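Below: the structure, in structure tokens.
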Amino acid sequence: MCVKDGFCSCIKQFVPEVPDYFLLYWKNYGGWIALVKSIYLWSAIIFSFMTYPIWLNLNEMSNSRAWHAFASNIAPSLLGFSIGAFAIFLAFNGKTLRLLMENGDNNSYFMDLSVSFFHFIFSQVLSIVLLIFSVAYETSAFFSFFGYLVFIYSLLVGLSAAGNLLNVAWIMNLALGPSDGDNAASEEHNEG
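For the sequence shown, position 129 (counting from the first letter as 1) is numbered 129 according to the UniProt record's numbering, and the numbering increases by one without interruption.
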């Protein structure tokens with residue numbers, strides 16, 4: 001029954017307290033298929049294997065892994081910045097927001113951007129949780145690799161969120177561009 005109804009329905013059967021916002025996010029993100037097809041995930045996997053000494057080797061003096069120090073400094077700050085940027089985005093109003101919402105369509109650019117930011121934030125929270133597990137189980141190469149992988153992935157997903165913000169800037173530029181009178185003045189300026 002789970003296969004027919006989809007992953008979200010299956011999870012809801014076994015874990016009825018899964019928040020609706022998480023199910024909305026996962027469905028709009030594209031689920032496992034979108035995750036497996038993600039260039040950011042594959043880039044993070046390749047990068048993680050290329051930099052294996054960072055997550056595999058234990059520092060003999062401190063008995064910790066090299067990535068713990070920089071991840072614990074970067075991840076919380078990045079998370080705070082991301083939540084702030086998302087809040088600023090949600091504060092948009094007027095013509096631009098109406099354009100992005102596409103009359104309340106569930107697949108609107110507004111929802112795509114919101115899901116992109118939620119994914120960015122979720123991956124950062126997950127990387128912090130896995131960092132804690134990796135510190136708790138220092139000798140586990142599995143926790144170290146998986147935590148490092150998700151940390152790198154969360155950094156790379158920032159590119160996706162930034163790209164979506166660039167698209168919003170482009171939409172705003174078109175929507176709030178010069179009026180007809182401004183175009184005529186601009187054309188005269190360019191000719192002269």
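Just so it is clear, CB atoms sit at the ideal spot from N, CA and C, and this is done for glycine as well.
Keep in mind it's a predicted model, so treat the numbers as computed, not measured.
How big is the Cα-Cα spacing for residue i and residue j?
{"i": "Gly177", "j": "Ile83", "result": "28 Å"}
{"i": "Ile88", "j": "Met61", "result": "44 Å"}
{"i": "Ser140", "j": "Val168", "result": "42 Å"}
{"i": "Tyr153", "j": "Asn59", "result": "24 Å"}
{"i": "Ser127", "j": "Ser64", "result": "17 Å"}
{"i": "Phe122", "j": "Asn73", "result": "18 Å"}
{"i": "Ser77", "j": "Leu174", "result": "33 Å"}
{"i": "Ala71", "j": "Tyr137", "result": "16 Å"}
{"i": "Gly181", "j": "His119", "result": "At Gly181, the pLDDT of 49 sits below 50, so the modelled position is not reliable and the matter cannot be decided from this model."}
{"i": "Trp55", "j": "Val125", "result": "19 Å"}
{"i": "Trp32", "j": "Tyr52", "result": "26 Å"}
{"i": "Leu79", "j": "Ala69", "result": "16 Å"}
{"i": "Met50", "j": "Phe142", "result": "16 Å"}
{"i": "Phe47", "j": "Ala75", "result": "18 Å"}
{"i": "Phe81", "j": "Leu166", "result": "17 Å"}
{"i": "Tyr21", "j": "Val129", "result": "20 Å"}
{"i": "Ala91", "j": "Leu23", "result": "24 Å"}
For residue i, I'd like the list of residues in its chain whose CB is within less than 8 Å of its CB, leaving aside the five on either flank, ordered along the chain.
{"i": "Leu159", "result": "Tyr40"}
{"i": "Asn57", "result": "Arg65, Ala66"}
{"i": "Pro19", "result": "none"}
Which residues share a DSSP beta bridge with residue i?
{"i": "Leu58", "result": "Arg65"}
Suppose the cutoff is 7 Å on Cβ atoms and the five residues either side in sequence are ignored; what does the same chain contact list for residue i look like?
{"i": "Val115", "result": "Tyr25, Asn28, Tyr29"}
{"i": "Ala85", "result": "none"}
{"i": "Ile45", "result": "Leu149"}
{"i": "Ala185", "result": "Low per-residue confidence applies at Ala185: pLDDT is 48, beneath 50, and the placement is therefore not dependable enough to give any value."}
Spatial neighbours of residue i within its chain, please: C-beta separation below 6 Å, excluding the five flanking residues on both sides.
{"i": "Phe117", "result": "Phe86, Ala161"}
{"i": "Ser43", "result": "Leu156"}
{"i": "Asn164", "result": "Leu113, Ser116"}
{"i": "Phe151", "result": "Ala71, Ser127"}
Self-check item: At least three beta-carbon pairs within less than 8 Å, the stretch 130 to 146 to the stretch 28 to 44
Solution: No contact exists between the stretch 130 to 146 and the stretch 28 to 44.
Quiz item: Do three or more CB pairs link the stretch 132 to 139 to the stretch 33 to 50 at distances below 8 Å?
Solution: Segments in contact, no.
Practice problem: Could you name each continuous alpha helix (DSSP H) segment of 4 residues or more that falls completely within the stretch 23 to 54, going from the start of the chain to the end? | Solution: DSSP runs (the alpha helix (DSSP H)) wholly in the stretch 23 to 54: 31 to 37, 39 to 50.
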